[in-house]
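Mapping of the sequence shown onto the working numbering: residues 2 to 986, in sequence order. Step one of this worksheet: look at the structure below.
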Amino acid sequence: MTFGNRFFVSLFLGITISRFSRCNQVVLLDTTSVLGELGWKTYPINGWDAITEMDEHNRPIHTFQVCNVMEPNQNNWLRSNWISRQAAQKIYVELRFTLRDCNSIPWVSGTCKETFNLFYHEMDEAHSVKFKPSQYTKIDTIAADESFTQMDLGDRILKLNTEVREVGPMTKKGFYLAFQDIGACIALVSVRVYYKKCPFTLMNLASFPDTVPRVDSSSLVEVRGACIDHAEERDTPKLFCGADGDWLVPLGRCVCSIGYEEIDGSCVACRPGFYKAYAGIIKCSKCPPHSFSYGEGASICRCEKGFFRAEKDPSTMACTRPPSPPRNPMFNMNDTCLMLEWSPPSDTGGRRDLTYNVQCKRCGPGPNQCQLCEDELRFLPRPLGLTNATVTVTDFSSHANYTFEIESLNGVSDMSTFPRQVAIITVSTDQGGPSLVGAVKKDWASPNSIALSWQQPQETTLPITDYEVKYYEKEQEQLSYSSTHTRAPSVIVSGLKPATWYIFSVRTRTAGGFSSYSPKYEYQTTGDSSDMASDQGQVLVIVTAAVGGFTLLIILTLFLLITGRCQWYFKAKMTSEDKRRTDYQNGLVPFPGIKTYVDPDTYEDPTQAVHEFTKEIDPSRIRIERVIGAGEFGEVCSGRLRTPGKKEIAVAIKTLKGGYVERQRRDFLREASIMGQFDHPNIIRLEGVVTKSRPVMIVVEYMENGSLDSFLRQHDGHFTVIQLVGMLRGIGSGMKYLSDMGYVHRDLAARNILVNSNLVCKVSDFGLSRVLEDDPEAAYTTTGGKIPIRWTAPEAIAYRKFSSASDAWSYGIVMWEVMSYGERPYWEMSNQDVILSIEEGYRLPAPMGCPVALHQLMLHCWQKERNHRPKFVDIVSFLDKLIRNPSSLLPLVEDLQSLPESPAEDMDYPMFISVGDWLDSIKMSQYKSNFMAAGFNTLDSVARMSIEDVRRIGVELIGHQRRIISSIQTLQFQLLHEQEKGFHV
Ligand code: ADE
Numbered sequence: 002m003t004f005g006n007r008f009f010v011s012l013f014l015g016i017t018i019s020r021f022s023r024c025n026q027v028v029l030l031d032t033t034s035v036l037g038e039l040g041w042k043t044y045p046i047n048g049w050d051a052i053t054e055m056d057e058h059n060r061p062i063h064t065f066q067v068c069n070v071m072e073p074n075q076n077n078w079l080r081s082n083w084i085s086r087q088a089a090q091k092i093y094v095e096l097r098f099t100l101r102d103c104n105s106i107p108w109v110s111g112t113c114k115e116t117f118n119l120f121y122h123e124m125d126e127a128h129s130v131k132f133k134p135s136q137y138t139k140i141d142t143i144a145a146d147e148s149f150t151q152m153d154l155g156d157r158i159l160k161l162n163t164e165v166r167e168v169g170p171m172t173k174k175g176f177y178l179a180f181q182d183i184g185a186c187i188a189l190v191s192v193r194v195y196y197k198k199c200p201f202t203l204m205n206l207a208s209f210p211d212t213v214p215r216v217d218s219s220s221l222v223e224v225r226g227a228c229i230d231h232a233e234e235r236d237t238p239k240l241f242c243g244a245d246g247d248w249l250v251p252l253g254r255c256v257c258s259i260g261y262e263e264i265d266g267s268c269v270a271c272r273p274g275f276y277k278a279y280a281g282i283i284k285c286s287k288c289p290p291h292s293f294s295y296g297e298g299a300s301i302c303r304c305e306k307g308f309f310r311a312e313k314d315p316s317t318m319a320c321t322r323p324p325s326p327p328r329n330p331m332f333n334m335n336d337t338c339l340m341l342e343w344s345p346p347s348d349t350g351g352r353r354d355l356t357y358n359v360q361c362k363r364c365g366p367g368p369n370q371c372q373l374c375e376d377e378l379r380f381l382p383r384p385l386g387l388t389n390a391t392v393t394v395t396d397f398s399s400h401a402n403y404t405f406e407i408e409s410l411n412g413v414s415d416m417s418t419f420p421r422q423v424a425i426i427t428v429s430t431d432q433g434g435p436s437l438v439g440a441v442k443k444d445w446a447s448p449n450s451i452a453l454s455w456q457q458p459q460e461t462t463l464p465i466t467d468y469e470v471k472y473y474e475k476e477q478e479q480l481s482y483s484s485t486h487t488r489a490p491s492v493i494v495s496g497l498k499p500a501t502w503y504i505f506s507v508r509t510r511t512a513g514g515f516s517s518y519s520p521k522y523e524y525q526t527t528g529d530s531s532d533m534a535s536d537q538g539q540v541l542v543i544v545t546a547a548v549g550g551f552t553l554l555i556i557l558t559l560f561l562l563i564t565g566r567c568q569w570y571f572k573a574k575m576t577s578e579d580k581r582r583t584d585y586q587n588g589l590v591p592f593p594g595i596k597t598y599v600d601p602d603t604y605e606d607p608t609q610a611v612h613e614f615t616k617e618i619d620p621s622r623i624r625i626e627r628v629i630g631a632g633e634f635g636e637v638c639s640g641r642l643r644t645p646g647k648k649e650i651a652v653a654i655k656t657l658k659g660g661y662v663e664r665q666r667r668d669f670l671r672e673a674s675i676m677g678q679f680d681h682p683n684i685i686r687l688e689g690v691v692t693k694s695r696p697v698m699i700v701v702e703y704m705e706n707g708s709l710d711s712f713l714r715q716h717d718g719h720f721t722v723i724q725l726v727g728m729l730r731g732i733g734s735g736m737k738y739l740s741d742m743g744y745v746h747r748d749l750a751a752r753n754i755l756v757n758s759n760l761v762c763k764v765s766d767f768g769l770s771r772v773l774e775d776d777p778e779a780a781y782t783t784t785g786g787k788i789p790i791r792w793t794a795p796e797a798i799a800y801r802k803f804s805s806a807s808d809a810w811s812y813g814i815v816m817w818e819v820m821s822y823g824e825r826p827y828w829e830m831s832n833q834d835v836i837l838s839i840e841e842g843y844r845l846p847a848p849m850g851c852p853v854a855l856h857q858l859m860l861h862c863w864q865k866e867r868n869h870r871p872k873f874v875d876i877v878s879f880l881d882k883l884i885r886n887p888s889s890l891l892p893l894v895e896d897l898q899s900l901p902e903s904p905a906e907d908m909d910y911p912m913f914i915s916v917g918d919w920l921d922s923i924k925m926s927q928y929k930s931n932f933m934a935a936g937f938n939t940l941d942s943v944a945r946m947s948i949e950d951v952r953r954i955g956v957e958l959i960g961h962q963r964r965i966i967s968s969i970q971t972l973q974f975q976l977l978h979e980q981e982k983g984f985h986v
């Protein structure tokens, strides 16, 4: 007996078939959108029946029905047309159907079925030969599900089911689908066949083409983006195409080229009057003062007439001009010194590198009788490149007229073709001063003395008060000289070295001042004298040597102290052990009275642990909204959770991908069994699990700001020290709770801390505490374990001794990550080097701006002896004290190391390397062209750069800015040190 088709005809009246497709699905067949006949084949002829109904929009609903429930041995086939596969590797078949419950049909037991079978057959083209079921491969047996739209038909309940099956990999050009009925009462309402693709998209100024995902749902297709017009690659832009046609994990990006800025996802040329000198995520800037750009897309603004840019001026700086001349030159003269002074120019030309040159001319009575006279005079400190508006002149002659021309200069003076303007001052030294003495003769010489005499000047208007005899060792080339005064025209100069040539010169003094010096005379002392003198000499040598040696020792010690401090890491000061340690404090025995953690692995049946520690959630209460990440087991999504009688809350949902094996399901749910045992404001809260339907899910509270490491990197420098300490306090408190429960985390790191919208930090990632498989930082040790080396205590690396004390070590590293806004611990050092340096006693230095108290706590956490490390209870109470007394956070580590000891990171740079070599040495080679383009092409100029300069030349990544700045501090220190050495010579 056949149940007539009329039964179904009435059934579909009133059903609305939703016809939709998502942009990441390419539909190969949709029976709901075929307007004409479908033309599918049925075998035998009296099996499946094709019925076409019209929906409310007058579009056909093609249905196929069969209901031979009374007759045994049914074998009815329905075959689709040939469907082209296109680019699909894996296809999805979505079936909508109703299936009548056999219980609702009387007298059918034994013959009535409640399933049908879905088959496919791959072919390169459509064929018209006879249908052979044996060629078809079975996809699945399809049964009605329960959780679907219900239609109440009087006393009968019928459900519209939707089932989706995946088929692949497909290899031929197309395929047929076939439906086998073996005695059920079915109405096939729609068949939709599609494949998934990640659709063309633009992201980070790069375009990514339509991409078909891999058949293997666990691997992603890496797609490299192409930069859009006027953009260039910064870090290779990439996206990963996931199995579900979603783009995941954007990496790298393009940035707008020079002369272009990013507006609404494209690169637009800078307007006239604006420029952009570097490729990067910066906007076009207005031309600096006294410069202009006429056209669009300018990379630099040109200087107005009469204004210039010095070679080292960055393009961001205003154009400048030479200064006006100095004002109000004045002099002040006494017997020996002529002091020239002037006021700075009224216009510095817009620059700060103002200097002065003083030129001397000695003029005779007639016109044009001037000669340059710098060589005759001594200028203190020097005649050229003066930075103060004053110079002292000595050794001038009496009876002379000197003209001094004082010029102001700046960094662009050489570029201007305008004649230079100077301030002029004329000084007459003719004040009735005395004349020169006659020849100076040697009367006698001994090893330590020389007696000299000379003729008095012929004419003197004023009486001679005395003579000045100036002398110095010939070898020393007048680096310093001594002088002695005598009233008589003779002198015995004593205290000289034996057998040494000396230069002598004499001048007279009257009430009118000094005469010029006499010409220079060279005389020698005689050879060595008595033994005693020689002994004294030796004693002197020894004493001098001893004093010199001691001084050298002090200088060396100071130098070593300074440079020792400047090592990028330094030996931590180890304090003595605090002996109040108990087993509890060692993380071995939980605190009495506190609930203890139960390891789910101790359950014979781990599902039992899931039941015990977690709540099962009905999936209808969960609304998934977005994919926010990809985990080891599947995607992580955000969404909402409804709980009857409570406010809907935001949640994160970790999913377990289809196709898992039992071990993966167990490992996945292990995290929930652990998390479900915790209840603390600084531990991520488990809302529940979905285990009774697919996909299996873990639902936890949603943390708006994601993981702490990337959050800090995105907000470099944005928080007060108190805010950072507040975050650390939260993490410490969560860890105290865990250690009180007897739980050892083993992978405490900023990447495993989540941050909510109130900056509350919560410890997460518990599933991995035993295996660490999912942590990209975890590396295999020689003993075969997988460990995040940079975060792990030495005893845990060496012999897997994990404890709350090893968690305390990791906590110290988290402190360092927080205070350095997400810098990578030990930077680019290899894991092996990290292990060796730690073993040698070196520890991470304080990050920039880190209070001393916090670095001390870090060092405390990094004590080699694990029992010496602070317990989490100590850590939390220490941080509480700091928060209550914020002035304790004021002393910064750099304050204690004020220059020249300050550089934070201290690789030893050989001096005089090029800027390129220096950038190579700090692994920042990619910025060479930025430095060169901005004129920073000597280490000297680099050493003067500020953080603003570094940003302005196009270094955008905060981590890179920090690395460059901290290396520049080292350079500054070295240059200072070089200068000091030069100064002492
Ligand atoms: N990523 C992983 N877990 C998360 C959570 N709970 N909230 C936000 N982002 C997450």
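All C-beta atoms in this analysis are idealised placements derived from N, C-alpha and C, irrespective of residue type, glycine included.
When burial is assigned at 16 or more other CB atoms within 10 Å of the CB, is residue i buried or exposed?
i    : result
W502 : exposed
W49  : buried
E829 : exposed
V662 : exposed
W445 : exposed
E469 : buried
I259 : buried
R254 : buried
M816 : buried
W810 : buried
S734 : buried
L561 : Note that L561 scores 32 on pLDDT, short of 50, meaning its location in the model is unreliable and no value can be drawn from it.
Quick test of your reading: residue i and residue j, contact by CB under 8 Å. State the CB separation rounded to the nearest angstrom.
i     : j    : result
P251  : M204 : 6 Å
C268  : D217 : Not quite, the Cβ-Cβ distance comes to about 37 Å (not below 8 Å), so this is no contact.
V1042 : T692 : Outside the modelled stretch of the chain, which goes from 2 to 986, sits residue 1042, for which no answer is possible.
P185  : K114 : The amino acid at residue 185 is misidentified as Pro; the sequence shows Ala. That belief holds up - the Cβ atoms of A185 and K114 are roughly 4 Å apart, short of 8 Å.
W343  : P327 : 4 Å
F614  : S674 : 5 Å
E263  : L206 : 7 Å
Output the boundary residues of the beta strand (DSSP E) element that contains residue i.
i    : result
N931 : Note, N931: premise wrong, no beta strand (DSSP E); alpha helix (DSSP H) at K929 to A934.
I754 : I754 to V756
P251 : W248 to C257
T395 : T391 to T395
D102 : Taken as a continuous stretch (DSSP letters only), D102 belongs to no beta strand (DSSP E), as it is neither H nor E.
P238 : A232 to C242
F380 : R379 to L381
Could you check whether the Cβ of residue i sits closer than 8 Å to any heavy atom belonging to the ligand ATP?
i    : result
M704 : Because the ligand ATP does not appear in the structure shown, any question about it cannot be addressed here, the ligands present being the ligand ADE.
Could you pull the start and end residues of the alpha helix (DSSP H) that residue i belongs to?
i    : result
F879 : F873 to R885
F614 : P607 to F614
Minimum length 4: unbroken alpha helix (DSSP H) runs contained in the stretch 787 to 864: 795 to 800, 805 to 820, 832 to 840 and 853 to 862
Length-filtered (3 minimum) beta strand (DSSP E) runs lying within the stretch 626 to 693: Within the stretch 626 to 693, the complete beta strand (DSSP E) segments of 3 residues or longer fall at 636 to 642, 650 to 656 and 687 to 691, listed in chain order.
Start-end ranges of the alpha helix (DSSP H) lying completely within the stretch 451 to 518, minimum 4 residues: none
Minimum length 3: unbroken beta strand (DSSP E) runs contained in the stretch 33 to 82: 42 to 44, 50 to 55, 61 to 68 and 77 to 80
Uninterrupted beta strand (DSSP E) stretches inside the stretch 178 to 210 (no shorter than 3 residues): 186 to 197, 202 to 204 and 207 to 209
Ranges of the beta strand (DSSP E) found wholly within the stretch 397 to 432, counting only runs of at least 3: 402 to 410 and 423 to 429
Complete beta strand (DSSP E) runs within the stretch 333 to 362 (minimum length 3 residues, chain order): 338 to 344
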